[in-house]
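Some notes on the structure that comes next.
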Amino acid sequence: MTTATISRFYRLLAGLALICLLGLALAADSSIRFREFSIRNINQPRVLVNNLQLEYQLTDYLREGLVNGMTLENEILFTLEWHHTWWWNSQKHLATVRTELKYHPLSKQYQVVQLDSGETWNFPNLPAALEQLGRLEDYRLPNLPANAYHSDASIFVTAKLSPKSLKLPLKLQELFTDRYSLQSDGVLWPIP
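In the working numbering, the protein residues as written are 221 to 412.
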């Protein structure tokens, strides 16, 4: 091999590495991350309270859709999971917290609505609205079954942000791409 061929090969390899790094940076740009998460017992026996803070990085599609009248729905899903070494883990749904994010163009305000309590907050900018959207303070979890304590049980929490209603072609596309919604990695919290 000549020196020129080796030089071209290394330049090509460096270019491919740069493209891969840019792709990773763009993929990491839109996501949901857990910034804070805790579950604690309160004074009552076997009553658990959750605090969490999510960090959102919206895709361009979600950001533009929000400004153009699309409502985004946020779901925080709590699942009770038992770990089994010889067969599949078993799960039981505990609770789902649903919140909506809207934009009102006349008032130029972002509105966050917690659907189960009906509480509403208005914000002049998107970062403040996203911070409220991802905040859950002193959320009392439903009573756990007796076999959840002192066993291999854990609470598994995930979050998903997606448009409230998608038209039919986009509903099918959502199954195959993450452009239309964001999904967090889960957090596992062992039950004492």
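The C-beta atom is built at its ideal place from N, Cα and C for all residues, glycine as well.
Segment limits, beta strand (DSSP E) that includes residue i
i, result
"L286", "No beta strand (DSSP E) holds L286; the alpha helix (DSSP H) holding it covers D280 to V287."
"Q352", "Q352 -> not in any beta strand (DSSP E); alpha helix (DSSP H) instead, spanning L346 to L353."
"V333", "Q329 to Q334"
"V267", "Element bounds for V267: n/a, residue is neither H nor E."
"K322", "S310 to H324"
"A368", "Taken as a continuous stretch (DSSP letters only), A368 belongs to no beta strand (DSSP E), as it is neither H nor E."
"I252", "S251 to N261"
Within 9 Å, strictly: CB atoms of residue i and residue j
i, j, result
"R318", "L335", "yes"
"S371", "W308", "no"
"Q311", "F376", "yes"
"K328", "L292", "no"
"Q277", "L402", "yes"
"A373", "L300", "yes"
"R266", "L408", "no"
Spatial distance of residue i from residue j (CA atoms)
i, j, result
"L350", "L381", "11 Å"
"L282", "H324", "15 Å"
"E357", "I411", "19 Å"
"G285", "N294", "15 Å"
"T316", "L297", "5 Å"
"L326", "R260", "42 Å"
"Q331", "E320", "8 Å"
"Q264", "P362", "13 Å"
"S251", "L268", "28 Å"
"N271", "G289", "30 Å"
"T305", "P347", "43 Å"
"E275", "N345", "15 Å"
Where the alpha helix (DSSP H) containing residue i begins and where it ends
i, result
"L300", "Per DSSP, L300 belongs to no alpha helix (DSSP H); it is in the beta strand (DSSP E), L292 to W302."
For residue j and residue i, believed in contact at Cβ under 8 Å, the rounded distance
i, j, result
"P383", "Y400", "6 Å"
Discussion item. With three or more C-beta pairs closer than 8 Å as the rule, is the stretch 251-258 touching the stretch 330-348?
Written reply: no
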